[in-house]
Amino acid sequence: MKRIYFDHAATTALDKDVLGKMKPYFSDKFGNASSLHAFGQEAKAALDESRQKVANILNCDPLEIIFNSGGTESDNLAIKGPVLAAFRDKLISKPLHIITTKIEHPAILKTVKQLEKLFDFEATYADVDVNGLVNLSQLESEIKDNTILISVMYANNEVGTIEPIVEISKIVEKHREKRQDNGNNLPIYFHADAVQAAGYLDVDVKKLGVDMLSISGHKFYGPKGTGLLYIKKGTGIEALSTGGGHENGLRAGTENISGIVGLAAALKSAQENKEMESKKVSGLRDYLTQNLMKKIDGVILTGHPEIRLPNIASFLIDRIEGESMLIKLDLKGIAVSTGSACSSGSLEPSHVLKALNYPPEKIHGSLRISLGKENTKEEVDYFLEVFPEIVYKLREISAL
Ligand SMILES: Cc1ncc(COP(=O)(O)O)c(C=O)c1O
Numbered sequence: 086m087k088r089i090y091f092d093h094a095a096t097t098a099l100d101k102d103v104l105g106k107m108k109p110y111f112s113d114k115f116g117n118a119s120s121l122h123a124f125g126q127e128a129k130a131a132l133d134e135s136r137q138k139v140a141n142i143l144n145c146d147p148l149e150i151i152f153n154s155g156g157t158e159s160d161n162l163a164i165k166g167p168v169l170a171a172f173r174d175k176l177i178s179k180p181l182h183i184i185t186t187k188i189e190h191p192a193i194l195k196t197v198k199q200l201e202k203l204f205d206f207e208a209t210y211a212d213v214d215v216n217g218l219v220n221l222s223q224l225e226s227e228i229k230d231n232t233i234l235i236s237v238m239y240a241n242n243e244v245g246t247i248e249p250i251v252e253i254s255k256i257v258e259k260h261r262e263k264r265q266d267n268g269n270n271l272p273i274y275f276h277a278d279a280v281q282a283a284g285y286l287d288v289d290v291k292k293l294g295v296d297m298l299s300i301s302g303h304k305f306y307g308p309k310g311t312g313l314l315y316i317k318k319g320t321g322i323e324a325l326s327t328g329g330g331h332e333n334g335l336r337a338g339t340e341n342i343s344g345i346v347g348l349a350a351a352l353k354s355a356q357e358n359k360e361m362e363s364k365k366v367s368g369l370r371d372y373l374t375q376n377l378m379k380k381i382d383g384v385i386l387t388g389h390p391e392i393r394l395p396n397i398a399s400f401l402i403d404r405i406e407g408e409s410m411l412i413k414l415d416l417k418g419i420a421v422s423t424g425s426a427c428s429s430g431s432l433e434p435s436h437v438l439k440a441l442n443y444p445p446e447k448i449h450g451s452l453r454i455s456l457g458k459e460n461t462k463e464e465v466d467y468f469l470e471v472f473p474e475i476v477y478k479l480r481e482i483s484a485l
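So the sequence shown is numbered by our numbering: it starts at 86 and just counts up by one.
Written as structure tokens, this is what we have:
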């Protein structure tokens, strides 16, 4: 049976060219980048070159990039790092406050909740509208004089909505200036989780205006277990993993050179081809969406109809259990997801779809299709051929 992969928001296959670039660093060029001898210097050269490559793409200084193990680690450092630094610099006069949104990935939400649980700490989870867009005036009204961080995702992993990062940066900048005028020396930072966005959208940090940006290699045909956090120079941040002085003292541990080489190569390729790939993949996504809605009644497209990632189409299918759909499609060789693959294993209705205000009975029928560069129209046609029958059969036996 031919297998079709429509779950690129969960992960992507490692690109073969990227693998080719990584290979020498597993065996022949195995040195530790901290070693002073030639083996080490060879590894160090690859590390420096990768950092420069990423810095060119992000339009930042190479020293502003911290390589690590992926999006989850980046998000943890972005949230906890500034809080630890505020303690270190004795800037705390009352509980610190963080603003994030209700639709963030658990790497953000659980990290903020952990701080709330363990410390005297305040958090605001900003609402989004039915399309998943954060409300800018509400977000601004939540900023207080003890707010240290605002963290809003660049694009959502379940519904694909793209958030207004530039506008949020401007709001943060305005409050930063106000704080200076008022003699409040608590910094206020803006972090964006670009894990889903980096494969398709501009990640120029100067244009975005962010202080920190999370990126993960395996979402754009790079290796799993690789990622980076951009941290703007001057951002008060304390390391979470301490040890050697790697990564500017912010992430101790011998660098994963093959992974870093792969991450940089994959990011470069994704960014160079993003216009072409976006056009191709959004064409397929729209073809799939229009035909799916024609063929099956009771289907809602979730997320913003236009301001969305080109590769994600997320639906609510009336009177169906998402898990049953997923299994039936898997038996036909098609891999999709229901809600977020990262949080699968729990039967809790998706927190993202709940925040978009859909009732639980509708959320149970959620289906996420996330396309990628290897998908074809023939694959979409096969899906459109087999899926309606699956839906009608499931509806016949459905208790919903
Ligand atoms: C928006 C978002 N943030 C963070 C993560 C976590 O990234 P990683 O799998 O690299 O830890 C994911 C993973 O799906 C994600 O979609």
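Note that beta-carbon positions come from the ideal geometry of N, C-alpha and C, so glycine has one too.
Expressed to the nearest angstrom, what Euclidean distance is found between the alpha-carbon atoms of residue i and residue j?
i	j	result
G294	V251	6 Å
Q126	R261	42 Å
V384	A398	12 Å
K259	Y274	12 Å
S451	L348	31 Å
K439	S120	51 Å
K317	L456	32 Å
A420	Y467	13 Å
E189	N242	9 Å
T246	G319	31 Å
N231	I253	18 Å
K292	L143	10 Å
L271	E158	24 Å
L469	Y110	43 Å
L169	V346	30 Å
C145	K353	14 Å
G338	V471	48 Å
D174	E323	10 Å
L218	D212	9 Å
L221	E332	34 Å
M297	G344	21 Å
Y306	M361	16 Å
I405	I193	30 Å
Return yes when the C-beta of residue i is under 7 Å from any heavy atom of ligand 1, and no when it is not.
i	result
D160	yes
Q199	no
H190	yes
M238	yes
V288	no
F303	Note on identity: in this sequence residue 303 is His, with Phe being the wrong assignment. It does: the Cβ of H303 is within 7 Å (strictly closer) of some heavy atom of ligand 1.
D92	no
V421	no
D486	No statement about residue 486 is possible, as the shown extent of the chain runs from 86 to 485 and does not include it.
N144	no
V280	yes
T157	yes
G344	no
N396	no
G490	Absent from the structure is residue 490, since the part of the chain shown begins at 86 and ends at 485.
N242	yes
G312	yes
For residue i, count neighbouring C-beta atoms within 10 Å of its own C-beta (all shown protein chains included) and say buried if the count is 16 or more, exposed if not.
i	result
L377	buried
N141	exposed
T387	buried
P395	buried
L148	exposed
F115	exposed
L335	buried
I89	buried
D160	buried
P308	buried
Q223	exposed
L416	exposed
I482	exposed
H389	buried
F172	exposed
T209	buried
L162	buried
V237	buried
H122	exposed
K87	exposed
S425	Summary for S425: the model assigns pLDDT 40, below 50, so the residue's position carries little reliability; its value from the coordinates is reported in the next sentence. By the 10 Å Cβ count, S425 comes out buried.
Of all the CB atoms in chain B, is at least one closer than 8 Å to the CB of residue i?
i	result
G328	Reference to chain B is not applicable here, since this structure consists of a single protein chain.
Any alpha helix (DSSP H) of 4 or more consecutive residues that is wholly inside the segment 361-439: 407-416
Would you mind listing the alpha helix (DSSP H) stretches within the segment 131-209 that are 4+ residues and don't spill past its ends, in chain order? 156-173, 191-203
Which runs of the alpha helix (DSSP H), 4 residues or longer, sit entirely within the segment 305-366? 342-357
What are the complete alpha helix (DSSP H) segments, minimum 4 residues, inside the segment 229-278? 250-267
3-residue-minimum beta strand (DSSP E) runs that sit fully inside the segment 438-477, ordered along the chain: 451-455
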